[in-house]
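A.B. asks:
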Amino acid sequence: MSKLRVLSGMQPSGQLTLGNYIGALKNYVKLQHTHDCYFMVVDLHAVTVPQEPEKLKDQSEAVTALYLAAGIDPNVATVFLQSTVSAHAELGWLMTTLTYMGELERMTQFKDKAAGKESVGAGLFTYPSLMAADILLYDTALVPVGDDQTQHLELTRDLAHRFNQRYGDTFAIPKGYFPEVGARIMSLDDASKKMSKSSPNAGSYIAMLDAPDVIRKKISRAVTDSGREVKFDPQNKPEVSNLISIYAQCADKTIAEIEAQYEGQGYGPFKKDLAEAVVAALEPIQQRYAEIRSSGELYDILRQGKERAEAQAEQMLKRVKEKMGYVVL
Ligand code: TYM
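In this text, residue positions in the sequence shown follow the numbering used here: the first is 182, and each later residue adds one.
#1: What does the alpha-carbon distance come out to for the pair Cys218 and Tyr358?
#2: Check this for me: beta carbons of Ala251 and Ile466, under 8 angstroms apart or not?
#3: If we count Cβ pairs, one from each stretch, closer than 8 angstroms, do we get three or more for the region 302-310 versus the region 367-383?
#4: From the DSSP output, in three-state form, read off Asp254 for me.
#5: In the DSSP assignment, the beta strand (DSSP E) including Arg186 goes from what residue to what residue?
#6: Measuring alpha carbon to alpha carbon, tell me which residue in Gly449, Ala494, Gly195 is nearest Met376.
#7: Could you check which residue in Pro234, Glu235, Phe220, His342 has the C-alpha nearest to that of Tyr248?
#8: When the Cβ atoms of the region 490-509 are set against those of the region 419-426, are three or more pairs found closer than 8 angstroms?
#9: Would you decide whether Met288 is buried or exposed? Buried here means 16 or more other CB atoms lie within 10 Å of its CB.
#10: Go ahead and label Asn208 buried or exposed: buried means 16 or more other beta carbons lie within 10 angstroms of its beta carbon, across all protein chains shown.
#11: Do Leu285 and Phe344 have their beta-carbon atoms positioned less than 8 angstroms apart in this structure?
#12: Looking at the ligand TYM, does it come within less than 7 angstroms of Asp315, judged from the CB to the closest heavy atom?
#13: Report yes if the CB atom of Arg397 is closer than 8 angstroms to the CB atom of Gly384, and no otherwise.
#14: How far does the beta strand (DSSP E) with Pro325 in it reach, from first residue to last?
#15: Name the one or two DSSP bridge partners that Cys431 has.
#16: Which residue from Gly302, Val324, Met191, Leu212 puts its Cα closest to that of Ser264?
#17: Flag this pair as yes or no: are the beta carbons of Thr198 and Lys374 separated by less than 8 angstroms?
#18: Going by DSSP in three states, Gly349 sits in which element: helix, strand or coil?
#19: Between the C-alpha atoms of Lys236 and Gly445, what's the straight-line distance to the nearest angstrom?
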């Protein structure tokens with residue numbers, strides 16, 4: 182039996198955080214051995230908010246290098262830049278025409294990102310239609326993401342059904358794939374907000390490339406509630422529960438093991454060990470990252486990825502265009 186197809190991507194619009202790592206990247210690495218995987222850097226999505234050209238290029242390379250440093254093997258999985266496979270933009274347009282305004286208006290991520298802005302780019306609004314195209318181009322079965330992408334995935338499934346109904350069976354209906362613990366890592370300064378690279382307060386997130394001492398400082402300053410019990414209770418102890426999730430993922434421990442380990446000890450020893458667990462998880466990735474960036478091999482890997490991705494995507498785009506009544510030459 183052929184392997185199930187997996188596709189996912191991250192925006193190169195700032196530093197990748199521990200949230201990106203735990204919510205998605207760790208699962209990319211895990212799935213590559215059992216599935217046929219496509220991992221992209223979604224540089225077309227990044228420009229839905231203004232980007233400086235030099236930074237966009239640097240961040241696109243940085244995200245690619247972090248994928249590899251985290252353990253993605255480019256000979257096993259296909260790693261590519263979204264903008265290098267033009268079928269994404271093309272199917273993105275076709276998906277936009279299939280999407281209702283009301284569906285896009287309901288997207289909470291759009292509402293959050295647009296809130297308080299005087300002018301909002303149209304691309305930010307139609308962003309989920311492009312994401313649907315990304316996924317549907319590859320007959321994707323599973324999409325490893327954090328749970329902030331649930332609504333976008335629902336729309337993708339709806340659009341796939343709509344297309345199939347209107348034009349005949351074409352698209353596979355994809356499912357999300359989420360980590361059991363840490364599907365939504367929260368900010369260190371406010372557990373009601375998701376940890377995000379776009380936060381103006383660098384103390385609210387841990388970047389995957391933060392130096393060990395910076396990580397230690399950020400964790401020691403992380404907000405905790407006034408109690409002293411290390412207990413997983415997201416309703417009543419959201420801050421501590423968030424830290425326990427991070428610990429569980431970085432040290433490969435269960436929540437119950439962590440609770441038992443710190444019973445009766447208060448937050449002090451827990452936070453200290455947590456910081457060391459995060460450093461131990463990220464430090465080897467940081468070392469490999471530096472080697473990969475200086476190796477000069479990134480563009481070759483991305484060229485190979487583009488070719489493999491293009492071969493798949495072009496086939497699907499052709500099928501879609503034929504179904505819709507385009508003259509395909
Ligand atoms: P992006 O770039 O915002 O985030 C990349 C991935 O990281 C996950 N993530 C988190 N998970 C847990 N806790 C957090 N605090 C956290 N922050 C981010 C996200 O859920 C995501 O999986 N729309 C997507 C990019 C995209 C995409 C796609 C994803 C475009 N096309 C096709 C999958 C398939 C996004 O903006 O992710």
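Backbone N, C-alpha and C define an ideal beta-carbon position, used for all residues, glycine too.
Just so you know, these numbers come straight off a predicted model, no measurement behind them.
C.D. replies: To lay it out plainly:
#1: As a working note, residue 218 is residue 37 in the sequence shown. As a working note, residue 358 is residue 177 in the sequence shown. So the two alpha carbons sit approximately 13 angstroms from each other.
#2: By one-based count along the sequence shown, residue 251 stands at place 70. By one-based count along the sequence shown, residue 466 stands at place 285. Yes. Within cutoff.
#3: no
#4: In the sequence shown, the residue the question calls residue 254 occupies position 73. Coil at Asp254, not helix or strand.
#5: Start at 1 with the first residue of the sequence shown, and residue 186 comes out as number 5. Residues 186-191.
#6: For the purposes of this step, residue 376 is identified with residue 195 of the sequence shown, where counting begins at 1. Nearest C-alpha to Met376: Gly195.
#7: Mapped onto the sequence shown, residue 248 falls at position 67. Nearest of Pro234, Glu235, Phe220, His342 to Tyr248, Cα basis: Phe220.
#8: no
#9: Mapped onto the sequence shown, residue 288 falls at position 107. Per the 10 Å Cβ criterion, buried.
#10: Locating residue 208 in the sequence shown gives position 27, where the first residue counts as 1. When all chains shown are included, Asn208 counts as buried.
#11: For the purposes of this step, residue 344 is taken as residue 163 along the sequence shown, with counting starting at 1. For the purposes of this step, residue 285 is taken as residue 104 along the sequence shown, with counting starting at 1. Cβ atoms of Phe344 and Leu285: not closer than 8 angstroms.
#12: Position 134 of the sequence shown, counted from the start, is the residue given in the question as residue 315. Checking every heavy atom of the ligand TYM against the Cβ of Asp315, one is found closer than 7 angstroms.
#13: By one-based count along the sequence shown, residue 397 stands at place 216. By one-based count along the sequence shown, residue 384 stands at place 203. No.
#14: Translated into the one-based positions of the sequence shown, residue 325 becomes position 144. Its beta strand (DSSP E) spans residues 323-325.
#15: As a working note, residue 431 is residue 250 in the sequence shown. The partner list for Cys431 (beta bridge, DSSP) is empty, contrary to what the question assumes.
#16: If you number the sequence shown from 1, residue 264 lands on position 83. Selected option, being the one with the closest Cα: Met191.
#17: As a position in the sequence shown, residue 198 is number 17, starting the count at 1. As a position in the sequence shown, residue 374 is number 193, starting the count at 1. Going by C-beta atoms, Thr198 is not nearer than 8 angstroms to Lys374.
#18: Start at 1 with the first residue of the sequence shown, and residue 349 comes out as number 168. Here Gly349 sits in coil by DSSP.
#19: Numbered from its first residue, the sequence shown carries residue 236 at position 55. Numbered from its first residue, the sequence shown carries residue 445 at position 264. When rounded, the distance between both Cα atoms is 47 angstroms.
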